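Counting from 12, one number per residue, gives the positions in the sequence shown under my numbering.
No residue lacks a Cβ here, since even glycine has one placed at the ideal position from N, Cα and C.
Model, not experiment: these values are computed from the prediction.
Worksheet: the structure to be examined is printed underneath.
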Amino acid sequence: MDLALLGSAAGFALAACGTPGPNNMLLTSSGTRFGYAPTLKLLLGIMLGLQLLMLLTALGLGQLFLLWPPLQWMLKIVGSGYLLWLAWKIGRASPPVAGEEEPGMSWRQGALFQFLNPKSWLMAISAISGFTLAGDGYWLSAAAVLAIFLFFGVITGHVWALFGIHLRRWLQTPRDWRRFNLSMALLTAASVLMIWR
């Protein structure tokens, strides 16, 4: 595969995985609320779901969106609704109580979330259509794109999770937690605007 194409794919993966979006808001919120281990499971689920989505896109699923535009609208509507519901849940979350264990989002939920996350679909379709080669080089280039996204997704996901974990030390009072939850909810809801622009 061409090194310039690999470099472009890496730059796109870094920007797509590293910028604010639903996945990164979930990782930050989870890191703050639940700590490292549950957030690592969520990150692995997100990456598993994204890899599966990209593989299915490489197998031709992404073509459905090009051939049938109403499917794009359906995904946007369902995905936006889910993100707004998630933002509402985050915003209404009560401050954590010491000694009281709460389950975070599981790795399965993180994986399944990718199929409702319009940003993940956009990343998958853009990456596969933009950075794979035609003909005999298709599957090798698709495998390289998947590997690049896995690498940058894990790295940037860790950064967002660790950011959340470090934020926790400043959240001392229930009021601090309410403000944080509201901020995360607003950022998650704002990601819906990116879907519709």
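Whole-angstrom distance between residue j and residue i, CA atom to CA atom
{"i": "V203", "j": "P31", "result": "12 Å"}
{"i": "A196", "j": "W79", "result": "32 Å"}
{"i": "W171", "j": "S194", "result": "15 Å"}
{"i": "T68", "j": "R186", "result": "44 Å"}
{"i": "L51", "j": "L17", "result": "27 Å"}
{"i": "L223", "j": "R180", "result": "Shown here, the chain extends from 12 to 208; a query on residue 223 therefore has no answer."}
{"i": "L86", "j": "W188", "result": "32 Å"}
{"i": "S40", "j": "Y47", "result": "11 Å"}
Cut-off 8 Å between Cβ atoms - residues of its own chain near residue i, not counting five sequence neighbours on either side
{"i": "G168", "result": "C28, N34, N35, L38, L54, I57, M58"}
Beta-carbon proximity of residue i to residue j, cut-off 8 Å
{"i": "G90", "j": "L127", "result": "yes"}
{"i": "L178", "j": "T43", "result": "yes"}
{"i": "I101", "j": "T184", "result": "no"}
{"i": "A138", "j": "V165", "result": "no"}
{"i": "I206", "j": "A24", "result": "no"}
{"i": "G115", "j": "F45", "result": "yes"}
Chain D contact for residue i (CB, 8 Å cutoff)
{"i": "G121", "result": "Here there is only one protein chain, and chain D is not present."}
7 Å CB neighbourhood of residue i in its chain, flanking five on each side removed
{"i": "A154", "result": "none"}
{"i": "Q136", "result": "A small fix is needed here, since residue 136 is Ile in this sequence, not Gln. For I136, where only same-chain residues beyond five positions count, the Cβ hits under 7 Å are T68, G73, F76."}
{"i": "Q83", "result": "F76"}
Assumed close pair residue i, residue j - CB separation to whole angstroms, cut-off 8 Å
{"i": "L64", "j": "S19", "result": "Actually they are not in contact, since the Cβ atoms of L64 and S19 sit about 21 Å apart, beyond 8 Å."}
{"i": "N192", "j": "A122", "result": "About 24 Å separates the two Cβ atoms, so there is no contact after all."}
{"i": "F163", "j": "S152", "result": "Contact doesn't hold; Cβ gap of about 17 Å is too wide."}
{"i": "L70", "j": "Q125", "result": "Wrong, their Cβ atoms sit about 16 Å apart, outside the cutoff."}
Close Cβ partners of residue i (< 6 Å) along its chain, the five nearest in sequence each way excluded
{"i": "Y93", "result": "L127"}
{"i": "A98", "result": "A196, T199, A200"}
Any non-hydrogen atom of the ligand SAM within 7 Å of residue i CB
{"i": "R179", "result": "The model on display carries no ligand, and the ligand SAM is accordingly not part of it."}
Every unbroken beta strand (DSSP E) within the segment 58 to 119, with a cutoff of 3 residues, ordered by chain: Segments of the beta strand (DSSP E) lying fully in the segment 58 to 119: there are none.
Length at least 4, wholly inside the segment 157 to 201: the alpha helix (DSSP H) runs in chain order: none
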